[in-house]
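So the structure is just underneath, and the comments pick up after that.
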Amino acid sequence: MKRTKSINLDRMRKVADRFRVKPIALGISAATLVLSCSSGRGVNEGEIFADLAACKAQYPQLAQECENAYQQALRVAEESGPKYASRSDCEIDFGARQCMNYRHGGNDWFMPAMAGFLFAQLLDSDRHYRAVPLYTSYSSHSPYYYRWSTVDGYSYGNYRYGRVKVHRDTFKPKPKVTKTIKRGGFGSRVAAKSKWGGSGGSKWGSKGSGSRSGWGG
Amino acid sequence: MQRIKCRERENWRSLADEYGFKFHTMYGEPYWCEDAYYQFTLRQIEDDIEDPSAELQQMCLAAVERVVNDEVLLSRFRIPEDYWDFVNDSWLRGDKSLYSRFDLAYTGKGPAKLLENNADTPTSLYETGFWQWLWLEDKINANQWNENVDQFNLLQEKLIDQFRDMRKFQEDIVLHFSCCKDTEEDRGTVQYLEDCASEAGIKTKFVYIEDIGLGEGGFFTDLDDEVIEWAFKLYPWEFMLREEFSLFLEEADVNWIEPAWKSILSNKALLPLLWEMFPGHKNLLPAYFDDDERVNSLEHYVKKPIFAREGANVSIVQNGQVIHHSEGPYGEEGFIVQAYSPLAIFDGDKHALIGSWIVDDEPAGISVREDSNLITQDLSRYLPHIILG
């Protein structure tokens, strides 16, 4: 056969077919999947610390692991943490005196201070210790008011230290975020050529909710 | 190779709605047509199209190798000098290509001839990989045809495989998809590739070309200010290398699909170079830069801009007379000349052009477009094909 053997037609459908009855077995297997995940290897425990000293005090035998993990959390905060053009914008979301100026490689912006970090041993083959930055807000307008949040807005409950269950997406790489200076630097030539200049009207808007949408009040 | 009339599926328009195929009718004219199909024999497909396409692809890769190492050729290919290293680096790194489409003149007899290589922003992908596939499935499921009827169309399978392969090097990185605003056809094509990437387990996000931002630190960003690290762009390199943000291409360090070295293959200057490197090859037509005096040896030829899309700014010349000319906005970078090769003609005026798809350097399937004109343009019609016998 010289053609594709099978295609996942559900993936290709763009309109939900209201009359199509989904096989009941799908629902069952999905439910089983959720159960086995929550009780299985996908989840482990981690511990929230305020700073490096707290980690070392709790685990003197893991001082080096604390150090490495903490540095890693700082890096994630730099690359993927919330960033604002002005101190006041940042303080609206995180509260007074919670934000700092950050200049690096041509960047000049304001970021909330890392309020703590989540330290956990991954259940992968290397059993590495890892960490991600956590933030909290002192602004009563924020959904993260006295609550922990990761860079992508996942909440680890109330602002207190100690052991928590690690959400499985927490240690996945996060999109890097930067302050956009300007847009429209691509696409100018196309406007001058006929083919792309035509009508058509696309309604596939894709702005959607971004990773930043959860910070405001 | 035959053109055979047949009955349309009664429900195809509602199926098109269901699957989001919005551009089956364009500019008020039918684009997808299933009141006829093209039929090939297995021998025609394998010997005349598939094997030559594999060979042409290798010849093209050899041409890239030659151009990136030759400043005279880089100039002739109109690659801006500031980007020679950028293009060469993408080639030396082995940045992976996703897909290309060769346009072939083929009449069912004799060797197929390469007209051009759409190596950077080929479209008619969804129609080929999915929609004509579904057409045949429906015909077989409705018992109109038996299982002996086949189609040369591994396109979707191979696209997903290639995405899966690329994903190994981009673990957990979001793949941004991008095309220009206000074109349903391009947006549909990009949506199709997003679907294929999702099927391969890749996280995807969309941003219009015009909305791409320049972020602090020299990154490109999407509308959520997220840094673009890996991107598919349905936007030609010859534009990208000449626009305001070109200056930041190097620093932004995006892993692009198609990679920058494809700017050499999507370029009509490839045609004279191939003819010089592989003179007399059965699947090539004599081709020269238009300032080459050997142009005078051609009685019947086609003059094409080095950069152009959808058959724009093409002239057909016979015995010194321009017998056909298409308008368009291209041509400022110069022209090449290629010997004329007739397309297959059916039912009097239907000129059929074969698109031969390449994924992962291997032939992946074909598409057939037909036009009442000598030059296939963006008002051409798409017809499905089958293999039988």
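Here the protein sequences line up with chains A and B, keeping their order. For the record, in the first sequence the residue sitting at position 181 is 199 according to our numbering, with numbers rising by one throughout. For the record, in the second sequence the residue sitting at position 339 is 871 according to our numbering, with numbers rising by one throughout. Every residue gets a Cβ at the ideal spot worked out from N, C-alpha and C, and that includes glycine. Only a predicted model underlies this, so the values are computations on that prediction, with no experimental measurement involved.
| Query | Result |
| --- | --- |
| Quick one: grab the DSSP three-state call for B/Val619. | helix |
| On a CA-only basis, which of B/Lys700, B/Leu687, B/Phe821, B/Leu746 is nearest B/Gly866? Give me that one, please. | B/Phe821 |
| Over what stretch of residues does the beta strand (DSSP E) that includes A/Thr198 continue unbroken? | 198 to 201 |
| How would you list, in chain order, the residues of chain B whose beta-carbon sits under 9 Å from the beta-carbon of A/Asp126? | Glu748 |
| Please indicate yes or no: does the CB of B/Leu624 lie closer than 6 Å to some heavy atom of the ligand COA? | For the ligand COA, the structure offers nothing, since it holds no ligand at all. |
| Determine the direct distance from the alpha carbon of B/Pro874 to that of B/Gly880, and round the result to whole angstroms. | 14 Å |
| Would you check if the segment 848 to 867 of chain B and the segment 881 to 889 of chain B touch, i.e. whether three or more CB-CB distances between them fall below 8 Å? | no |
| I want to verify the contact list: residues of chain E whose CB lies under 7 Å from the CB of A/Met19, in sequence order. | Judged by its chain identifiers, the structure shown contains no chain E, and its protein chains are A and B. |
| According to DSSP, is A/Ser212 part of a helix, a strand, or is it coil? | Residue confidence for A/Ser212 is low, a pLDDT of 39 falling below 50, so the modelled location carries little weight; the figure read from the coordinates is stated next. Note: A/Ser212 maps to helix in three-state DSSP. |
| Between the C-alpha atoms of A/Pro161 and A/Met132, what's the straight-line distance to the nearest angstrom? | 17 Å |
| Go ahead and label B/Glu561 buried or exposed: buried means 16 or more other beta carbons lie within 10 angstroms of its beta carbon, across all protein chains shown. | exposed |
| So, is B/Glu566 buried or exposed, given that buried needs 16 or more other C-beta atoms within 10 angstroms? | buried |
| Can you tell me whether A/Val182 is helix, strand or coil according to DSSP? | strand |
| Starting from A/Cys117, trace the beta strand (DSSP E) in both directions and tell me its first and last residue. | 117 to 122 |
| Quick one: does A/Ser104 have its CB under 7 Å from some CB of chain B? | no |
| Quick one: what does DSSP say A/Leu140 is sitting in, helix, strand or coil? | coil |
| Taking 8 Å as the threshold, find out whether the segment 647 to 656 of chain B comes into contact with the segment 793 to 809 of chain B through three or more Cβ pairs. | yes |
| Could you check whether the segment 750 to 761 of chain B touches the segment 609 to 617 of chain B, counting it as contact only if at least three pairs of C-beta atoms, one from each stretch, sit closer than 8 Å? | no |
| Any beta carbon from chain B within less than 7 Å of A/Gly171's own beta carbon? | no |
| Would you say B/Gln571 faces chain A, with C-beta separation under 7 Å as the test? | no |
| Just how far apart, CA to CA, sit A/Glu97 and B/Phe777? | 22 Å |
| Just the C-alpha distance for B/Glu902 and B/His883, rounded to the nearest angstrom, thanks. | 5 Å |
| List the endpoints of the continuous alpha helix (DSSP H) containing B/Arg719. | 716 to 731 |
| Counting along the chain, where does the alpha helix (DSSP H) carrying B/Arg774 start and finish? | Where B/Arg774 is concerned, there is no enclosing alpha helix (DSSP H), given that its DSSP letter is neither H nor E. |
| Could you give the residue range of the alpha helix (DSSP H) that holds A/Lys74? | 70 to 76 |
| Quick one: which chain B residues come within Cβ less than 7 Å of A/Met30? | Tyr551, Phe662, Asp727 |
| Would you check if the segment 678 to 685 of chain B and the segment 715 to 727 of chain B touch, i.e. whether three or more CB-CB distances between them fall below 8 Å? | no |
| Apart from the five residues on each side of it in sequence, which residues of its chain come closer than 7 Å, Cβ to Cβ, to A/Tyr88? | Leu70, Cys73, Phe135, Ala149 |
| By DSSP, does B/Phe839 sit in helix, in strand, or in coil? | coil |
| Is there a C-beta anywhere in chain B that falls below 7 Å from the one on A/Ile25? | yes |
| Could you give the uninterrupted runs of the beta strand (DSSP E) lying entirely in the segment 679 to 713 of chain B, keeping only those of 3 residues or more? | 707 to 710 |
| Just the C-alpha distance for B/His832 and B/His856, rounded to the nearest angstrom, thanks. | 12 Å |
| Could you spell out the range, first to last residue, of the alpha helix (DSSP H) harbouring B/Asp635? | No alpha helix (DSSP H) contains B/Asp635, which is instead part of the beta strand (DSSP E) from 631 to 637. |
| Hey, does A/Ser160 have any beta-carbon neighbour from chain B nearer than 7 Å? | no |
| Would you identify the three-state DSSP class for B/Asp903, choosing helix, strand or coil? | strand |
| My guess is that A/Ala95 and A/Lys197 are in contact by the Cβ rule of under 8 Å, so how many angstroms apart are they, rounded? | That pair is no contact at about 15 Å. |
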